[in-house]
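Novice:
Numbering (my numbering), first residue to last: 6 to 799.
Written as structure tokens, this is what we have:
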């Protein structure tokens with residue numbers, strides 16, 4: 006939000022504060038000042054003059070010889086080539102003794118003048134659409150210092166407005182804060198009511214009163230759109246960065262900046278019949294002023310006549326009803342649109358306007374009449390014309406009601422930590438525009454209509470301390486009861502897991518919870534994601550279904566920056582649709598990891614090798630071993646839409662699927678342009694956050710015995726199932742079992758494979774006899790044959 010310091014001080018002027026003190030006060034109140042610029046360059050001696058005589062130069066074409074009165078006894082002779090020189094014109098004159106910010110040339114075709122007639126650019130005043138000499142109003146006093154006359158000792162201030170403070174997107178809104186901060190009164194904004202001089206009206210229908218509870222219209226006829234905007238309006242708009250060449254647009258922008266109420270204007274002669282405020286139909290389109298055609302969604306609020314769409318409600322007017330230099334009759338619109346009906350439309354269509362910025366955040370629902378009267382007054386005084394009555398379509402029940410909040414003294418003192426007197430609290434709340442009913446140790450506070458952010462007791466307390474000043478709160482030690490919580494050894498610390506991954510060369514990533522729907526669709530093409538109603542951008546418009554989306558983006562980002570060895574992990578929430586969950590969304594805390602590229606950094610003693618499935622599986626098993634129950638986790642081949650169909654597995658704990666691991670799907674790798682081996686995993690944290698405490702076991706004094714067997718099984722049989730079956734048969738006497746070879750090839754039928762397994766047998770109380778060992782091994786072979794049709798390999 007840009008505004009003029011002078012304009013602000015017109016509404017409230019803390020004269021005891023200089024510019025820097027005022028800006029610091031505004032920043033400390035939560036409205037951060039981001040830029041300050043003088044409205045004109047430094048110069049002295051430039052005055053108001055009047056052209057007494059103007060005639061074409063006798064020797065030089067397109068040059069005028071002028072006699073100028075600047076209030077002295079002696080008249081000045083000044084040559085000027087500006088085409089708008091004319092007798093009687095009040096102008097800006099720089100005599101020979103002027104001190105300018107830069108050297109100025111008074112020679113014109115070797116003819117020396119006694120000064121110069123100035124344009125805006127020559128005064129260092131930019132952002133004007135006029136290159137001719139400045140034309141001052143007829144009542145400008147001759148000889149007056151131009152800096153004083155145009156208030157050029159002013160500053161253009163830009164502040165960052167918090168999203169929850171739309172009331173500060175206006176001069177009056179900022180002035181309210183300055184007034185209450187300095188315990189001053191705000192200038193009364195009395196607006197003269199316009200008496201209708203014609204009886205012309207237009208039919209207005211509002212189909213959706215929830216989206217548009219109030220719509221005011223007014224016809225003004227025989228208006229002159231080619232008149233000049235008064236200099237005082239031009240200067241204020243220029244200092245706010247909103248100056249236009251059209252006087253009507255300048256006037257509605259002036260009121261927008263002054264009050265914060267958007268006003269739209271239509272060319273009345275381009276409207277067929279009455280107008281209707283409604284939702285768009287699927288087939289409807291609107292053509293913008295720049296000839297861009299937009300297809301409208303069915304949830305877009307529009308203003309339309311019988312034949313066409315006139316405007317997107319609360320955002321902008323279309324080309325078909327936009328005013329032009331031939332416009333004579335206009336329809337003014339001053340409406341209250343529900344923020345929920347406007348929010349997101351700007352981003353959906355890529356249309357960002359001053360109106361949408363305000364309507365999306367919320368506009369004062371009691372401001373429409375005042376703004377309409379203010380605009381009408383200015384239009385009639387500047388552009389002429391005759392105004393009709395205000396056409397009012399208001400549904401009182403749908404308008405937002407002022408909220409009543411109970412503020413308790415006890416709650417106030419507890420949160421702030423000190424006692425602020427009742428008088429100060431009352432002064433602050435009244436200064437903020439609240440109505441107050443005083444009770445015993447509490448206040449019933451009715452929030453003003455322009456403060457959408459004040460909803461609960463804590464909001465009022467925040468406002469009180471903001472105005473009172475955080476720096477005035479005394480520094481006192483906190484008094485609190487400390488509770489020593491018991492640390493359970495069975496709880497697995499997330500920090501411990503993160504440290505393990507970091508020790509293995511991973512780096513923690515933090516990615517956005519809202520992601521690109523197109524990329525997420527590649528990972529989860531059958532799943533529906535939660536769509537954000539008001540996204541930051543189109544490529545961040547849905548909530549993530551897994552952390553993989555963000556991690557893959559991070560991999561792509563790092564590859565583009567010549568990183569060849571990538572290991573990342575992330576912890577956070579994923580958001581999956583679930584009709585049984587609160588609000589229909591499950592928010593699961595998960596831990597995910599990804600590795601891509603080379604297995605290790607380039608090294609003279611290490612052979613280059615890309616990462617593979619088992620590199621990540623090994624790291625994941627190290628992570629799972631922290632739970633103290635690694636043997637309870639089972640990896641089973643299972644497909645996932647984001648993973649390679651032949652290189653993916655589900656991770657089970659007690660027959661419950663708790664995650665996935667696998668190489669990314671070739672289709673996904675192609676779409677993301679990832680041409681290196683990439684493997685990733687994701688686990689539900691709450692399923693692994695409890696660990697089993699290790700138990701001390703006696704080391705057997707008796708020898709162990711190893712027996713190796715090689716069994717041929719079907720290709721679809723998992724090694725983990727073979728191992729589990731052997732453990733079940735051998736029981737406690739099987740102290741270890743390892744898969745040490747997988748073979749496919751000669752002597753093995755197609756569709757089969759061979760597993761070579763070592764069985765380590767031992768008893769804690771005695772030495773096992775050979776016949777016992779043989780019996781255990783044979784029992785395992787029989788069990789494998791019965792369950793998996795396994796055969797011993799020759």
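Where is the CB? At the ideal position from N, CA and C, for every residue including glycine.
Is there contact between the stretch 680-691 and the stretch 597-607, where contact requires at least three CB pairs shorter than 8 Å?
Specialist: Because the criterion of three Cβ pairs below 8 Å is met, the stretch 680-691 and the stretch 597-607 touch.
Novice: Between which residues of its own chain and residue 261 is the CB-CB distance below 7 Å, once the five residues before and five after are set aside?
Specialist: 267, 268, 359
Novice: Using CA coordinates, which residue listed in 101, 66, 76, 104 is at the minimum distance from residue 87?
Specialist: 66
Novice: Could you tell me which residues DSSP puts in a beta bridge with residue 33?
Specialist: Its beta-bridge partners do not exist; DSSP assigns none.
Novice: Checking the sheet assignment: what are the DSSP bridge partners for residue 280?
Specialist: 209
Novice: If you run the structure through DSSP and keep just helix, strand and coil, what is residue 222?
Specialist: strand
Novice: Less than 7 Å between C-beta atoms, sequence neighbours within five positions excluded: which residues of the same chain meet that for residue 635?
Specialist: 626, 629
Novice: Spell out the partners DSSP gives residue 95 in its beta bridges.
Specialist: 55, 141
Novice: List the whole-angstrom C-beta distance separating residue 376 from residue 264, where the pair is believed to meet the contact cut-off of C-beta under 8 Å.
Specialist: 5 Å
Novice: Sorted by chain position, which residues of the same chain lie with C-beta nearer than 7 Å to residue 277's C-beta, five sequence neighbours on each side aside?
Specialist: Once the five neighbours on either side are set aside, the close Cβ partners of residue 277 are 310, 311, 312.
Novice: Is residue 694 helix, strand or coil when you go by DSSP?
Specialist: coil
Novice: By the three-class DSSP mapping on this structure, what secondary structure does residue 530 have?
Specialist: coil
Novice: Is the beta carbon of residue 450 closer than 8 Å to that of residue 410?
Specialist: yes
Novice: Under three-state DSSP, which class holds residue 502?
Specialist: helix
Novice: I need the DSSP call for residue 703, collapsed to helix, strand or coil.
Specialist: coil
Novice: For residue 398 and residue 168, which I take to be in contact (beta-carbon distance under 8 Å), what is that distance rounded to the nearest angstrom?
Specialist: 29 Å between Cβ atoms; not a contact.
Novice: So what's residue 116 in DSSP terms, helix, strand or just coil?
Specialist: strand
Novice: Could you pull the start and end residues of the beta strand (DSSP E) that residue 381 belongs to?
Specialist: Secondary structure note for residue 381: it is in no beta strand (DSSP E), and the uninterrupted alpha helix (DSSP H) holding it is 373-388.
Novice: Kindly provide the ranges of any alpha helix (DSSP H) runs that are 4 or more residues long and lie completely inside the stretch 284-350, ordered along the chain.
Specialist: 344-347
Novice: Which residue marks the beginning of the beta strand (DSSP E) containing residue 641, and which one marks its end?
Specialist: 638-642
Novice: Just to confirm before moving on: does the CB-CB distance between residue 320 and residue 285 stay below 8 Å?
Specialist: no
Novice: Taking C-beta to C-beta, are residue 59 and residue 90 nearer than 8 Å?
Specialist: yes
Novice: Scan the stretch 715-748 and note each continuous beta strand (DSSP E) run of 3 residues or more that stays entirely inside, going in chain order.
Specialist: 739-748
Novice: Put residue 24 into one of helix, strand or coil per three-state DSSP.
Specialist: DSSP places residue 24 within a helical segment (H, G or I) once states are collapsed to three.
Novice: Return the residue from the list 642, 647, 662 that minimises the CA-CA distance to residue 654.
Specialist: 642
Novice: If residue 155 and residue 48 are in contact, beta carbons under 8 Å, what's the gap, nearest whole angstrom?
Specialist: In fact, because the Cβ distance is near 12 Å, the residues do not count as touching under 8 Å.
Novice: Compare the beta carbon distance of residue 516 and residue 550 with 8 Å and say whether it is the shorter of the two.
Specialist: no
Novice: On the three-state DSSP scale, how would you describe residue 234?
Specialist: coil
Novice: Below 8 Å between beta carbons: does that hold for residue 638 and residue 621?
Specialist: no
Novice: My understanding is that residue 235 touches residue 387, with C-beta atoms under 8 Å, so please give their C-beta distance in whole angstroms.
Specialist: 6 Å
Novice: What did DSSP end up calling residue 104 once you bin it into helix, strand or coil?
Specialist: strand
Novice: Just reading off the alpha helix (DSSP H) that residue 421 is part of, what are its end residues?
Specialist: 414-421
Novice: Taking the CB atoms as reference points, tell me whether residue 152 and residue 396 lie closer together than 8 Å.
Specialist: Not closer than 8 Å, so no.
Novice: Across the stretch 403-423 and the stretch 438-449, are there enough close Cβ pairs to call them in contact, namely three or more that are closer than 8 Å?
Specialist: yes
Novice: Leaving aside the five residues before and after residue 753 along the sequence, list all residues of the same chain whose C-beta is less than 6 Å from its C-beta, in chain order.
Specialist: 759
Novice: Could you tell me the alpha carbon to alpha carbon distance between residue 539 and residue 526, rounded to whole angstroms?
Specialist: 20 Å
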